[in-house]
Amino acid sequence: MTTLVWFRNDLRLADNPALAWACARGEVVPMYVLDEVNVGHWPLGGAGKWWLHYSLKEFAQNLAGIILKRGDAREIIPALAQETGATAVCWNRRYDPAGIACDRDLKELLRGMDIEVASHKANLLFEPWDVQTGAGDDYKVFTPFWKACMDKAASIGTPLPAPKVQVPAKLPASDKLDDWGLLPTKPNWAAGWENLWQPGEQGAQIRLQAFLQEGLHGYAAGRDMPAHNHTSRLSPHLHFGEISPRQVWHATQNAMSHDKALAKDGNKFLAEVGWREFCHHVLYHAPALPEENWRKQFDAYPWEDDRAALKAWQRGQTGYPFVDAGMRELWHTGTMHNRVRMVVASFLIKHLRTHWREGENWFWDTLLDADLANNAAGWQWVAGSGADGAPYFRIFNPITQGYKFDPDGVYTRRWLPELAKLPTQYLFSPWEAPAEVLAKAGVKLGETYPRPIVGHAQARAAALAGYEIVKTAKGD
DNA sequence: TTTTGAGTTGTTCGA
DNA sequence: GTCGAACAACTCAAA
Numbered sequence: 038m039t040t041l042v043w044f045r046n047d048l049r050l051a052d053n054p055a056l057a058w059a060c061a062r063g064e065v066v067p068m069y070v071l072d073e074v075n076v077g078h079w080p081l082g083g084a085g086k087w088w089l090h091y092s093l094k095e096f097a098q099n100l101a102g103i104i105l106k107r108g109d110a111r112e113i114i115p116a117l118a119q120e121t122g123a124t125a126v127c128w129n130r131r132y133d134p135a136g137i138a139c140d141r142d143l144k145e146l147l148r149g150m151d152i153e154v155a156s157h158k159a160n161l162l163f164e165p166w167d168v169q170t171g172a173g174d175d176y177k178v179f180t181p182f183w184k185a186c187m188d189k190a191a192s193i194g195t196p197l198p199a200p201k202v203q204v205p206a207k208l209p210a211s212d213k214l215d216d217w218g219l220l221p222t223k224p225n226w227a228a229g230w231e232n233l234w235q236p237g238e239q240g241a242q243i244r245l246q247a248f249l250q251e252g253l254h255g256y257a258a259g260r261d262m263p264a265h266n267h268t269s270r271l272s273p274h275l276h277f278g279e280i281s282p283r284q285v286w287h288a289t290q291n292a293m294s295h296d297k298a299l300a301k302d303g304n305k306f307l308a309e310v311g312w313r314e315f316c317h318h319v320l321y322h323a324p325a326l327p328e329e330n331w332r333k334q335f336d337a338y339p340w341e342d343d344r345a346a347l348k349a350w351q352r353g354q355t356g357y358p359f360v361d362a363g364m365r366e367l368w369h370t371g372t373m374h375n376r377v378r379m380v381v382a383s384f385l386i387k388h389l390r391t392h393w394r395e396g397e398n399w400f401w402d403t404l405l406d407a408d409l410a411n412n413a414a415g416w417q418w419v420a421g422s423g424a425d426g427a428p429y430f431r432i433f434n435p436i437t438q439g440y441k442f443d444p445d446g447v448y449t450r451r452w453l454p455e456l457a458k459l460p461t462q463y464l465f466s467p468w469e470a471p472a473e474v475l476a477k478a479g480v481k482l483g484e485t486y487p488r489p490i491v492g493h494a495q496a497r498a499a500a501l502a503g504y505e506i507v508k509t510a511k512g513d
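Each number in our numbering corresponds to the 1-based position in the first sequence with 37 added.
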């Protein structure tokens, strides 16, 4: 019996329930659809396209063939099922609103054609509808959510091995990956990225093992220091499903069981995986999360619309070195350290009083790990409009944050070579440096590096004043 | 139903 | 220089 396996963000052989299910039935026709229709407001961003290209390239090799099609999945899948004589179609579930709607339509369509349809849990540890409060509601605060998850950790189960995949000798015609134009050309802003990242299932496993061996010990404290290698850097692999959260969970538990000293770091890391679960939980129960304030009172916030300021932020030219370092890391590598993400997001939202959606859009286009749930929930969290959000008065001081989390200035100097010779004392606020110090470091403010586009104290006061308006606004 | 305790990641001010 | 309190009240979740 032939099964059509529709791969989406689950580009892996191991621990892939849909693939395992299909293999148990017989022959497998693997396929991927570059669907630019069923995406809501969120067509794949530039960085994501780059990753997808290489991920698909490796995946096709591992599978010994995959059918690539571009277009509306609701038309392509039924047609291909018919062409291949598949008696079943299966996939792993996704949780974005447009994807859910598409899958629902397809299910009905295929069943009407007398084709069996099976969807599987693969990309989350816990289905969003399976985690409920005592009253049967969805969770809105992380800590009790994760506690409820941990109470049923036994349900996570064991990762599945990679199955033996029988692909028919003759597959229907496929697009050529290179014809999809997923890689940037003019200009090639991703030059050298292949040295930084290894997209694909193998790269994901290598990354996980490297993290468990080199990064996990000391993770709880080290994860906040952007100059150190204590973060897992698994997020793009997880986003594209080259590794499953269940594999991450088991490997981490395994490491913890062999070294009791890893308990604190391991649980902290798993809680971060828990935040990924929480973000998906929130998105599933509030599908407008990427577009609308989760707390309606924030509709009253008096946002600024300063295009020049937004551009300065995007380009890493705000005059606040810690912020600019992060934005340039993002542009040059397709990622940004988590601590710095919070600082740059706080700066855009609170210092520049720019709507969080501007930041969300920029991250969506430039982050390799851009993920609808994580991105939306993260930005709303910083804005204070989201689930379990930061209180309004938490306004990161971009100077203090630099001193605190990049005490030697290693990270900041790496991304701002024009300030490399500045003593650390002035690195995070060069405008405070005496003229002779600037001269000695070869810094000309306003020429080699910008003056701050806003004053910290002034911007902070303006942000707080904005929240006064939110405070008096009615909820829904 | 009502009550109670708690809530990822911070900053500033004044004693 | 260090340390605790204030920054608001609100919403959430469970007892």
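Cβ coordinates follow ideal geometry from the N, Cα and C atoms, glycine included. As the structure is a computational prediction, the values presented were derived from the model and not from experiment.
Cutting at 7 Å between CB atoms, please list the residues of its own chain near residue i, excluding the five before and the five after it.
i, result
"residue 136", "75"
"residue 52", "196, 197, 281, 283, 284"
"residue 316", "410, 411, 414"
"residue 514", "In the structure displayed, the chain extends from 38 to 513; residue 514 sits before or after that span and is not available."
"residue 491", "388, 389"
"residue 144", "154"
Do residue i and residue j have their C-beta atoms within less than 9 Å of each other?
i, j, result
"residue 175", "residue 319", "yes"
"residue 169", "residue 185", "yes"
"residue 127", "residue 55", "yes"
"residue 353", "residue 361", "yes"
"residue 113", "residue 211", "no"
"residue 507", "residue 435", "no"
"residue 208", "residue 97", "no"
"residue 321", "residue 418", "no"
"residue 85", "residue 265", "no"
"residue 99", "residue 238", "yes"
"residue 82", "residue 401", "yes"
"residue 70", "residue 43", "yes"
"residue 90", "residue 220", "yes"
"residue 459", "residue 391", "no"
"residue 125", "residue 262", "no"
"residue 305", "residue 344", "no"
"residue 425", "residue 179", "yes"
Using DSSP's beta-bridge definition, name the partner residues of residue i.
i, result
"residue 107", "71"
"residue 486", "482"
"residue 341", "391"
Give me, in chain order, the residues of the same chain whose beta-carbon lies closer than 6 Å to that of residue i; leave out the 5 immediate sequence neighbours on both sides.
i, result
"residue 513", "Because residue 513 carries a pLDDT of 44, less than 50, the predicted location of this residue cannot be relied on, and the following value inherits that uncertainty. Cβ within range, chain order: 333."
"residue 457", "450"
"residue 72", "110"
"residue 373", "363, 366, 367"
"residue 205", "64"
"residue 146", "115"
So, helix, strand or coil for residue i, using DSSP?
i, result
"residue 512", "In this predicted model, residue 512 has a pLDDT of only 49, less than 50, meaning its place in the structure is not dependable; the value taken from the coordinates is given anyway. In this structure, residue 512 counts as coil in the three-state DSSP scheme."
"residue 128", "strand"
"residue 42", "strand"
"residue 64", "strand"
"residue 372", "coil"
"residue 403", "helix"
"residue 144", "helix"
"residue 80", "coil"
"residue 457", "coil"
"residue 355", "coil"
"residue 186", "helix"
"residue 303", "helix"
"residue 326", "coil"
"residue 49", "coil"
"residue 465", "coil"
"residue 320", "helix"
Which residues mark the beginning and the end of the beta strand (DSSP E) in which residue i is found?
i, result
"residue 156", "153–157"
Can you find the residues in the same chain that come closer than 8 Å, C-beta to C-beta, to residue i, ignoring five residues on each side of it along the sequence?
i, result
"residue 271", "241, 244, 245, 248, 280, 285"
"residue 308", "183"
"residue 87", "219, 220, 221, 227, 230, 371, 405"
Quick check on the DSSP output: the alpha helix (DSSP H) that includes residue i runs from which residue to which?
i, result
"residue 93", "83–100"
"residue 193", "Per DSSP, residue 193 belongs to no alpha helix (DSSP H) and is neither H nor E."
"residue 331", "Residue 331 -> no alpha helix (DSSP H), and no H or E assigned at all."
"residue 294", "282–295"
"residue 436", "435–442"
"residue 269", "Here residue 269 belongs to no alpha helix (DSSP H), and DSSP marks it neither H nor E."
"residue 473", "472–477"
Kindly examine the ligand SAM and report whether one of its heavy atoms sits closer than 8 Å to the Cβ of residue i.
i, result
"residue 134", "The model on display carries no ligand, and the ligand SAM is accordingly not part of it."
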